[in-house]
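In my numbering, the protein residues as written are 379 to 977. For every residue, glycine included, the Cβ atom is placed at its ideal position computed from N, Cα and C. Comments concern the structure below.
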Ligand code: ARG
């Protein structure tokens with residue numbers, strides 16, 4: 379059923395967004411187009427929110443929050459306020475999501491409220507900064523935890539090994555060559571591909587030109603002769619660099635090891651996502667259980683410790699000792715905490731797939747986010763029943779230190795589950811990037827190739843490869859804290875803009891139907907908070923990274939005006955698109971939800 383007819387039927391109100399001329403202009407004819415099905419119910423909605431929000435943050439950020447706030451008490455307050463802010467933010471998105479029941483989240487609301495320049499800048503920021511940084515942070519956390527499983531907690535902080543860079547380069551080549559098969563002859567293939575409009579590349583061309591037998595020989599030898607050595611050579615080079623990078627001659631295993639694992643994880647996730655949508659969604663489901671188990675164990679241990687009387691670091695009389703008095707220093711503490719909560723707007727990306735959106739969207743948000751807030755606060759308290767603040771500050775993987783102290787021979791279980799948790803979250807983050815690509819493609823704001831799908835595997839391979847390549851590039855020079863700062867700065871700039879849309883739309887379109895109308899104070903609080911969040915870290919410690927992020931976002935304008943606003947398409951772009959299409963075996967298509975793929 380189409381969104382439009384559903385909207386009309388359910389509200390029966392002529393003044394809804396769906397009847398606005400703008401909405402009609404965007405959805406001219408739906409004939410012959412695939413529409414998303416409504417299959418996500420309340421439970422899945424809550425699972426999606428909780429599953430996305432819990433990833434790496436709760437296993438790493440407590441250290442960063444404590445470092446900035448200076449005391450256990452203030453840390454716990456920050457974790458609580460982050461939860462409240464996320465709930466308020468989500469409440470505003472709830473009003474937007476039920477008023478404009480189209481998928482696409484922030485991008486849709488920004489496009490409907492402001493000029494399309496802002497929508498473009500959002501896409502730009504999201505594709506080049508936000509998504510790659512998210513995947514990089516998650517993979518890095520995975521790397522840190524995996525490393526502690528092999529080498530123990532204390533690693534020497536050695537300078538990065540030069541092999542790291544070679545390794546990354548090899549990884550990138552590996553990534554491309556495993557998906558795109560035909561680099562060398564691509565231009566000849568461009569001719570063949572445009573005469574013979576069939577998928578299947580060599581096989582089809584040989585078949586058409588020489589008949590079935592050569593085509594068959596090709597298929598046979600490709601599977602048995604060409605591919606295996608190609609993969610082995612790449613794997614061997616990869617392994618050689620990896621081995622040399624793991625141990626630095628002077629100081630043993632280095633923190634670079636974590637990055638290597640992170641790169642490997644990104645490559646694996648990309649492979650899974652490029653190969654099958656079904657695999658990608660299964661990874662997501664299986665690994666969501668792991669994160670809840672990890673948190674449950676930490677929580678139970680915490681309760682036992684409290685019952686045993688280990689409450690020194692969480693006793694109300696001393697809890698606020700040493701709190702920082704610098705108002706703006708808390709900005710970075712919020713960045714760390716809010717990273718752990720990020721994902722609260724996840725459901726708004728798939729409003730078109732929600733069953734009874736007017737009921738389930740608000741319910742899922744109002745159950746999911748407070749639940750995560752409670753879990754995070756309890757887990758933080760549990761950490762402090764085992765670790766002193768000083769010990770916490772020196773832990774790079776806090777949950778491992780916690781487990782080593784309390785779980786004895788079973789301590790490995792926590793890093794293992796954390797690895798699963800971050801792997802699942804990175805997988806989901808990479809996966810959803812493709813959905814935004816689709817919406818941006820639909821609105822004509824992105825190069826065509828990024829919204830194409832693999833002809834056989836029906837996966838958005840170009841978008842996936844693009845995001846994972848950027849993620850690897852971001853990972854190499856940066857650490858967890860820097861990446862979180864980049865991410866949060868850019869993210870809150872746009873969360874603020876989207877929340878302000880609630881206020882702007884109330885003034886511009888008071889007549890649009892609002893099945894849910896939040897008290898006006900809530901968007902005001904969120905907008906003020908995002909202004910603080912964007913400015914505070916700059917005022918407290920004007921780091922160049924914020925300037926880079928801001929300049930980068932603005933640089934999007936250089937592309938917007940020629941290519942989107944004036945629609946200029948250089949000729950070379952067409953050739954380039956065809957080249958990439960043949961290389962990656964992708965074709966334009968209407969987006970089909972992964973759930974429908976499984977039908
Ligand atoms: N909150 C998650 C974590 O703690 C990260 C979520 C990334 N954001 C997203 N929309 N997938 O790791």
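Between the options, which has its C-alpha nearest residue i's C-alpha?
i           : options               : result
residue 807 : 437, 952, 727 and 884 : 727
residue 833 : 478, 951, 477 and 959 : 959
residue 768 : 811, 448 and 804      : 448
residue 699 : 433, 451 and 418      : 451
residue 801 : 460, 443 and 515      : 515
residue 702 : 423, 434, 436 and 444 : 444
residue 736 : 892, 903, 459 and 430 : 892
residue 419 : 511, 732 and 524      : 732
residue 938 : 479, 757, 502 and 643 : 502
residue 805 : 693, 459 and 655      : 655
residue 936 : 876, 498, 905 and 851 : 498
residue 433 : 831, 924 and 796      : 796
residue 511 : 720, 682 and 677      : 720
residue 683 : 824, 756 and 524      : 756
residue 897 : 439, 446, 772 and 466 : 466
residue 686 : 763, 696 and 729      : 763
residue 678 : 478, 945 and 792      : 792
residue 430 : 455, 668 and 887      : 668
residue 775 : 517, 479, 526 and 643 : 526
For a test of your reading of the model: does the CB of residue i fall under 7 Å from any non-hydrogen atom of the ligand ARG? Yes or no.
i           : result
residue 866 : no
residue 499 : no
residue 465 : no
residue 461 : no
residue 717 : yes
residue 516 : yes
residue 859 : no
residue 512 : yes
residue 434 : yes
residue 475 : no
residue 720 : yes
residue 806 : yes
In the DSSP assignment, what are the bridge partners of residue i?
i           : result
residue 418 : 732
residue 832 : 964
CA-CA distance, residue i and residue j?
i           : j           : result
residue 426 : residue 949 : 42 Å
residue 508 : residue 595 : 46 Å
residue 457 : residue 754 : 7 Å
residue 760 : residue 675 : 10 Å
residue 870 : residue 691 : 32 Å
residue 940 : residue 422 : 42 Å
residue 979 : residue 885 : This structure leaves residue 979 out entirely; the chain is present only between 379 and 977.
residue 993 : residue 847 : The chain is shown from 379 up to 977; residue 993 falls before or after that span and cannot be answered.
residue 473 : residue 900 : 11 Å
residue 557 : residue 828 : Legend: pLDDT at residue 557 = 48, less than 50; position of this residue unreliable, value from coordinates given subsequently. Whole-angstrom Cα-Cα distance: 15 Å.
residue 651 : residue 638 : 20 Å
residue 436 : residue 488 : 30 Å
residue 453 : residue 636 : 27 Å
residue 375 : residue 746 : Given that the chain is displayed from residue 379 to residue 977, the structure contains no residue 375 and the question cannot be resolved.
residue 943 : residue 953 : 22 Å
residue 836 : residue 810 : 15 Å
residue 718 : residue 513 : 13 Å
residue 670 : residue 873 : 27 Å
residue 894 : residue 689 : 43 Å
residue 666 : residue 461 : 20 Å
residue 708 : residue 463 : 14 Å
residue 521 : residue 861 : 15 Å
residue 729 : residue 814 : 13 Å
residue 911 : residue 524 : 32 Å
residue 957 : residue 653 : 21 Å
residue 640 : residue 879 : 37 Å
Within 8 Å (strictly less), CB to CB, does residue i reach chain D?
i           : result
residue 453 : Judged by its chain identifiers, the structure shown contains no chain D, having just a single protein chain.
Could you check whether the stretch 748 to 756 touches the stretch 487 to 501, counting it as contact only if at least three pairs of C-beta atoms, one from each stretch, sit closer than 8 Å?
Too few Cβ pairs lie closer than 8 Å, so no.
Inter-stretch contact (C-beta, 8 Å, three-pair minimum) for the stretch 856 to 866 and the stretch 711 to 728
yes
Could you say if the stretch 717 to 724 and the stretch 467 to 484 meet the contact criterion of at least three C-beta pairs nearer than 8 Å?
yes
Are the stretch 645 to 663 and the stretch 837 to 855 touching, with three or more C-beta to C-beta distances below 8 Å?
yes
Three or more C-beta pairs closer than 8 Å, one from the stretch 928 to 936 and one from the stretch 499 to 513: is that the case here?
yes
For the stretch 903 to 919 against the stretch 848 to 860, do three or more pairs of beta-carbon atoms, one drawn from each stretch, fall closer than 8 Å, so that the two count as touching?
no
Tell me whether the stretch 735 to 749 and the stretch 654 to 662 touch, counting them as touching only if at least three CB pairs, one residue from each stretch, are closer than 8 Å.
Touching, no, given that fewer than three Cβ pairs across the two stretches are closer than 8 Å.
Looking at C-beta atoms only, is the number of pairs between the stretch 461 to 476 and the stretch 782 to 792 that lie closer than 8 Å three or more?
no
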